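Quick note, the sequences are listed as chains A and B, same order. Going left to right, the first sequence walks through residues 1 to 559 as the numbering used here numbers them. Going left to right, the second sequence walks through residues 560 to 870 as the numbering used here numbers them.
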Amino acid sequence: MNRAILRCIPLVIFLATACRGADRPTASPNAEVGGTMIIVQPAEPNSLFPPKVSDSQGLSVVNAIFDRLAEIGPELETNGDAGFTPRLAQSWTWSADSLSIAFALNPKARWHDGAAVRAEDVRYTFAVYTSDTVASDIKSAIPNIDSVSVRDSLTAVVWFKRRLPSQFFEATYNMYILPSHLLAAIPMGALATAPFGRNPIGTGRFRFARWEPNARLEIVADTANARGRAKLDRVLWTFVADPAAATTKLFAGDADFYEAIRPENKEQMRTATQLRLHTVRPLEYGYLQYNLHRRGKPLRHGPPHPVLGDAAVRRALAMAVDRARLARSVFDATGDAALANAPRVLIPDTIAVVPIAYDLAHARALLDSAGWRVNPADSVRVRNGVRLSFEMMAPSSSVPRTTYLALLQDQFKSIGVEAKTLSLDGPSMGTRVMSGDFDAFMNVWGMSPGRLGMPQTWGATGDLNLGGYQSTAFDVRLDSALSAFGTSEARRLWTGAFQQLIDDEPGLVLYEQRKAVAMHVRIQNTPMRPDAWYAGLADWTIDPAQRIPRDRIGLGAPR
Amino acid sequence: MFVAATFAFVLLHFAPGDAYSSIGGGMTDEIRATLRAQRGYDLPLARQYVRWLLALASGDWGWSTSQQRWVSDVIAEAIPRTLVLMSLALCASLALGMGIGAWQGARAERHVAARDTADRAVSVVTLFVYSMPQFWLALALMFCGVRWFGLPSGGAVDDLHDRLSAADRLVDRLRHLLLPWLSLTLAGAALFTRFQRSAMRDAIREPFVRAARAKGSRERDIRFQAWRTALSPVITIAGLFFPALLGGAVFVEIVYAWPGIGSAVLKGVDYRDYDLVAAVVVIGSAMTAAGSFLADLTRELVDPRNRLEHS
Chain A
1 MNRAILRCIP
11 LVIFLATACR
21 GADRPTASPN
31 AEVGGTMIIV
41 QPAEPNSLFP
51 PKVSDSQGLS
61 VVNAIFDRLA
71 EIGPELETNG
81 DAGFTPRLAQ
91 SWTWSADSLS
101 IAFALNPKAR
111 WHDGAAVRAE
121 DVRYTFAVYT
131 SDTVASDIKS
141 AIPNIDSVSV
151 RDSLTAVVWF
161 KRRLPSQFFE
171 ATYNMYILPS
181 HLLAAIPMGA
191 LATAPFGRNP
201 IGTGRFRFAR
211 WEPNARLEIV
221 ADTANARGRA
231 KLDRVLWTFV
241 ADPAAATTKL
251 FAGDADFYEA
261 IRPENKEQMR
271 TATQLRLHTV
281 RPLEYGYLQY
291 NLHRRGKPLR
301 HGPPHPVLGD
311 AAVRRALAMA
321 VDRARLARSV
331 FDATGDAALA
341 NAPRVLIPDT
351 IAVVPIAYDL
361 AHARALLDSA
371 GWRVNPADSV
381 RVRNGVRLSF
391 EMMAPSSSVP
401 RTTYLALLQD
411 QFKSIGVEAK
421 TLSLDGPSMG
431 TRVMSGDFDA
441 FMNVWGMSPG
451 RLGMPQTWGA
461 TGDLNLGGYQ
471 STAFDVRLDS
481 ALSAFGTSEA
491 RRLWTGAFQQ
501 LIDDEPGLVL
511 YEQRKAVAMH
521 VRIQNTPMRP
531 DAWYAGLADW
541 TIDPAQRIPR
551 DRIGLGAPR
Chain B
560 MFVAATFAFV
570 LLHFAPGDAY
580 SSIGGGMTDE
590 IRATLRAQRG
600 YDLPLARQYV
610 RWLLALASGD
620 WGWSTSQQRW
630 VSDVIAEAIP
640 RTLVLMSLAL
650 CASLALGMGI
660 GAWQGARAER
670 HVAARDTADR
680 AVSVVTLFVY
690 SMPQFWLALA
700 LMFCGVRWFG
710 LPSGGAVDDL
720 HDRLSAADRL
730 VDRLRHLLLP
740 WLSLTLAGAA
750 LFTRFQRSAM
760 RDAIREPFVR
770 AARAKGSRER
780 DIRFQAWRTA
790 LSPVITIAGL
800 FFPALLGGAV
810 FVEIVYAWPG
820 IGSAVLKGVD
830 YRDYDLVAAV
840 VVIGSAMTAA
850 GSFLADLTRE
860 LVDPRNRLEH
870 S
């Protein structure tokens with residue numbers, strides 16, 4: 001009996017070891033897959049419920065967990081469906097009148113809980129994004145979609161109000177498809193606060209793993225995904241609010257990716273051989289927004305502003321600013337002078353658009369001829385008892401924008417313009433802007449690839465037209481540009497629209513910032529799209545020869 | 560606490576803007592109005608106050624607009640982390656401060672302060688640490704800790720903490736705790752040292768010390784008795800310091816990315832997160848009251864004269 005037990009001992013030990021081995025995380029057998037990437041980020045997302053996510057922190061995670069019907073190409077072409085690649089939809093068919101598109105969903109597509117993706121999910125998604133009670137920011141970006149219907153369980157038809165070149169873009173770019181089988185039972189008004197927003201289930205090549213508030217968020221490769229698993233095993237976002245602490249974490253090797261490297265870290269980057277620098281041009285531009293109406297009146301209403309309501313003054317202010325020098329002063333090599341009211345990548349013909357040149361003599365002459373005379377007592381110009389003076393605001397949280405205030409103040413002074421500066425926190429500044437209680441403020445607009453937001457920001461009836469700019473000529477040119485199907489015609493019309501804005505000068509366009517992204521050398525990335533560096537995250541890999549211990553964890557469950 | 564809660568509510572609402580005032584994100588006027596109506600921000604202030612107070616009385620702390628989850632969840636998660644950091648820092652800074660301060664104070668009897676090099680050196684160091692901004696001290700310690708000792712730069716645990724063995728997890732927690740704890744401890748110890756030194760210098764010159772010496776008591780016992788009488792001001796300060804640590808922890812939590820209540824409330828103020836900030840003010844006032852009560856209790860325990868004063 002005892003001998004029998006003794007003989008069994010090696011077998012028991014072997015089995016125990018084998019079982020223990022099975023519990024352990026296993027490294028991925030394929031050399032191309034595997035690895036852990038840690039992204040250090042200054043803030044965490046507010047939510048992961050796609051219709052309520054508009055910040056880049058949240059979008060980078062949402063884009064990995066959820067899918068659109070189709071994905072825009074690297075050229076960011078929004079005219080028709082050229083360049084778009086299938087995602088949840090494996091194909092699509094245009095109707096004869098081009099007023100509807102039938103999307104055929106991938107029959108193998110599954111939600112991360114195992115349920116099949118159905119056309120009903122597409123219909124439900126549109127209902128959520130356009131619901132008044134959900135109050136999604138995206139609603140204003142899909143004004144041309146009339147409805148979504150279900151032809152069969154795998155075919156969703158998107159119906160449009162009018163035929164436009166950007167129809168396909170509008171239907172695919174703005175909406176991440178939501179799981180109706182999980183959310184339809186929740187009232188629309190409760191969706192934003194539902195637990196789903198902190199524990200999402202999507203169809204992306206990554207699935208959600210965990211979110212420790214104010215600390216970290218983890219996604220892992222979805223090994224059962226119909227489009228193939230993500231090549232990285234996991235991506236971890238770690239949240240560090242203080243920039244100095246964030247860069248310390250990066251340089252110490254505790255993180256692999258940081259998208260907000262500042263000019264003062266340039267020297268440190270040179271010596272950090274484990275890191276390499278990438279430059280991303282986000283679709284943003286910074287400008288000084290003028291209030292064209294009398295201050296204190298409701299936004300976009302009231303008589304013209306006594307100073308900034310005069311187009312000659314606005315043009316003179318533009319001539320007084322050496323935008324190239326200012327961009328270099330503030331951003332060093334990571335900033336450029338803006339060309340027009342959009343980043344260069346979204347201006348179809350950058351040669352034809354002519355910005356107002358820096359010319360102090362011309363600026364002074366323009367003000368003289370407009371009747372603004374220099375008062376010898378304080379060197380500030382006056383006309384009919386009105387001083388050429390106004391106030392500029394900037395959010396105190398933004399170092400570039402507050403620096404710009406000081407530099408602009410100095411440049412305006414050289415032509416006899418008094419510009420007072422004021423830094424305020426975000427909500428305080430927002431309150432003043434929304435009530436029309438401002439002269440000018442530093443603002444940054446992020447744009448979508450299709451320039452579809454321009455009617456909102458600069459159109460006469462746009463909700464985000466914060467300075468109350470109203471120009472029928474611009475509105476007509478913009479509408480024509482947005483409706484043009486031919487490429488050369490669109491280029492010509494867009495040039496006209498941008499030139500009209502430059503001539504009217506409702507805001508002083510100043511800069512385009514290039515983001516300096518630091519990344520560990522072992523990470524091999526796909527090209528980073530200007531609108532979303534994270535768009536190809538599922539195809540990023542880690543060089544097998546350079547893997548470090550955290551890359552070998554595998555996909556096993558935590559201990 | 561009621562008064563503090565009311566003040567917090569009123570002052571927060573008087574600050575310009577609310578959670579939906581910031582520009583950006585493509586939020587239209589219509590969406591802003593909808594969201595304000597959903598949260599009741601469009602109601603008159605008095606009605607908002609009554610609603611908030613009734614909810615608070617029923618245990619509903621409200622909804623955090625900055626974190627998009629219930630305030631009770633935010634607090635339940637963040638407060639324990641801050642309390643761990645604060646209580647460990649308070650204990651260590653008290654022990655250090657009382658020890659160093661008592662040692663400095665006791666030397667006053669034998670040395671003329673102006674010529675006592677050791678006392679002066681320690682005073683310069685404590686004054687230097689005390690006058691340093693806490694975030695700067697935290698950054699300096701982080702630089703040294705990460706560069707020379709390979710300590711983690713931030714967070715309460717490693718990003719891959721749950722992949723470690725039980726023993727490694729404990730070590731990981733301690734390693735992450737070390738730098739923020741040291742930052743708070745040094746700042747606190749510098750404060751307590753200065754108060755303890757001053758109180759000890761006064762106590763050591765009291766007549767009862769001379770009487771005890773004349774009676775032939777052991778020097779160790781005499782100093783212990785003098786130290787006991789010199790504890791009252793330090794305990795009072797410690798009572799006040801307890802809730803103040805909540806504020807002091809804000810900078811340390813930001814620098815070390817410590818996911819406590821300090822960093823949560825700072826974000827809350829930025830976002831005009833009324834419910835979260837008001838809840839933290841209520842908790843802070845409760846901690847102030849608790850700190851004062853504990854200080855009174857301890858003072859009576861260590862110095863019987865305080866009990867006699869009451870009776």
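Ideal placement from N, C-alpha and C gives every residue a C-beta, glycine not left out. As the structure is a prediction and not an experimental result, all values here were calculated from the model.
{"Asked": "Asp-588 (chain B) beta carbon less than 8 Å from that of Asp-463 (chain A)", "Found": "yes"}
{"Asked": "Bridge partner(s) assigned by DSSP for Lys-515 (chain A)", "Found": "A:Val-280"}
{"Asked": "Nearest-angstrom Cα separation, counted from Pro-692 (chain B) out to Leu-825 (chain B)", "Found": "17 Å"}
{"Asked": "Gly-618 (chain B) burial status per 10 Å Cβ neighbour count (16 or more: buried)", "Found": "exposed"}
{"Asked": "Ala-394 (chain A) to Gly-467 (chain A) span [Cα, whole Å]", "Found": "15 Å"}
{"Asked": "Other residues of its chain near Thr-744 (chain B): CB distance less than 6 Å, five sequence neighbours each side excluded", "Found": "Ala-648, Ala-651, Ser-652"}
{"Asked": "For Phe-708 (chain B), the three-state DSSP class (helix, strand or coil)", "Found": "helix"}
{"Asked": "First through last residue of the beta strand (DSSP E) which encompasses Phe-239 (chain A)", "Found": "234-239"}
{"Asked": "As assigned by DSSP and simplified to three states, the class of Tyr-258 (chain A)", "Found": "strand"}
{"Asked": "Interface flag, Asp-619 (chain B) vs chain A, CB-CB below 8 Å", "Found": "no"}
{"Asked": "Same chain, Cβ closer than 7 Å to Leu-99 (chain A), neighbours up to 5 away in sequence not counted", "Found": "Trp-159, Phe-160, Arg-163"}
{"Asked": "Local Cβ density within 10 Å of Ala-273 (chain A), reported as buried at 16 or more and exposed below that", "Found": "Reading off the sequence, residue 273 (chain A) comes out as Thr, not Ala. Thr-273 (chain A) should be labelled exposed."}
{"Asked": "Boundaries of the beta strand (DSSP E) in which Glu-391 (chain A) is found, first to last residue", "Found": "389-395"}
{"Asked": "Check whether Met-188 (chain A) and Val-128 (chain A) have beta carbons under 8 Å apart", "Found": "yes"}
{"Asked": "Same chain only: Cβ atoms within 6 Å of Ala-460 (chain A), ignoring 5 sequence neighbours per side", "Found": "Gln-470, Asp-475"}
{"Asked": "Per-residue burial, Ala-854 (chain B) [other beta carbons within 10 Å of its own, 16 or more giving buried]", "Found": "buried"}
{"Asked": "Buried versus exposed call for Lys-774 (chain B) [16 or more other C-beta atoms within 10 Å across all chains shown]", "Found": "exposed"}
{"Asked": "Selection of the stretch 451-484 of chain A by Cβ proximity to chain B, strictly under 8 Å", "Found": "Gly-453, Gln-456, Asp-463, Leu-464, Leu-466"}
{"Asked": "Beta-carbon spacing of Ser-690 (chain B), Met-701 (chain B) below 8 Å", "Found": "no"}
{"Asked": "Short-range partners of chain B found in the stretch 219-239 of chain A, where Cβ spacing is below 7 Å", "Found": "Leu-236, Thr-238, Phe-239"}
{"Asked": "Alpha helix (DSSP H) segments (min. 4 residues) lying fully within the stretch 480-545 of chain A", "Found": "487-504"}
{"Asked": "Residues bridged to Trp-94 (chain A) (per DSSP)", "Found": "A:Ile-101"}
{"Asked": "Member of A:Val-353, A:Pro-400, A:Ser-379, A:Ala-316 whose CA lies at the smallest distance from the CA of Arg-328 (chain A)", "Found": "A:Pro-400"}
{"Asked": "Short CB-CB distance (under 8 Å) between Arg-198 (chain A) and chain B", "Found": "yes"}
{"Asked": "Per DSSP, cross-strand counterpart(s) of His-720 (chain B)", "Found": "In the DSSP output, where bridge partners are listed per residue, His-720 (chain B) has none listed."}
{"Asked": "Any chain A beta carbon closer than 8 Å to Trp-622 (chain B)", "Found": "yes"}
{"Asked": "Alpha carbon of Val-699 (chain B) to alpha carbon of Val-811 (chain B), nearest angstrom", "Found": "Val is not the amino acid found at residue 699 (chain B); the sequence shown has Ala there. Distance between the alpha carbons of Ala-699 (chain B) and Val-811 (chain B): 12 Å."}
{"Asked": "CB of Gln-755 (chain B) within 8 Å of CB of Gly-850 (chain B), strictly", "Found": "no"}
{"Asked": "Contact check, Ser-448 (chain A) vs Ala-141 (chain A), beta carbons under 8 Å", "Found": "yes"}
{"Asked": "Asp-146 (chain A), DSSP secondary structure in three states", "Found": "strand"}
{"Asked": "Below-8 Å beta-carbon distance, Met-434 (chain A) vs any chain B residue", "Found": "yes"}
{"Asked": "Nearest neighbour of Phe-687 (chain B), chosen from B:Ala-848, B:Gln-627, B:Thr-752 [CA to CA]", "Found": "B:Thr-752"}
{"Asked": "Residue ranges of each alpha helix (DSSP H) within the stretch 290-360 of chain A, 4 or longer", "Found": "311-319, 323-331"}
{"Asked": "Close beta carbons around Gly-732 (chain B), own chain, < 7 Å, minus the five adjacent residues each side", "Found": "First, the amino acid is wrong: residue 732 (chain B) is Arg here, not Gly. Counting only Cβ-Cβ distances below 7 Å, and skipping sequence neighbours, we find Val-716."}
{"Asked": "Chain A within 8 Å of Leu-741 (chain B), Cβ atoms only", "Found": "no"}
{"Asked": "Stretch pair the stretch 354-370 of chain A + the stretch 528-541 of chain A: three plus CB contacts closer than 8 Å", "Found": "no"}
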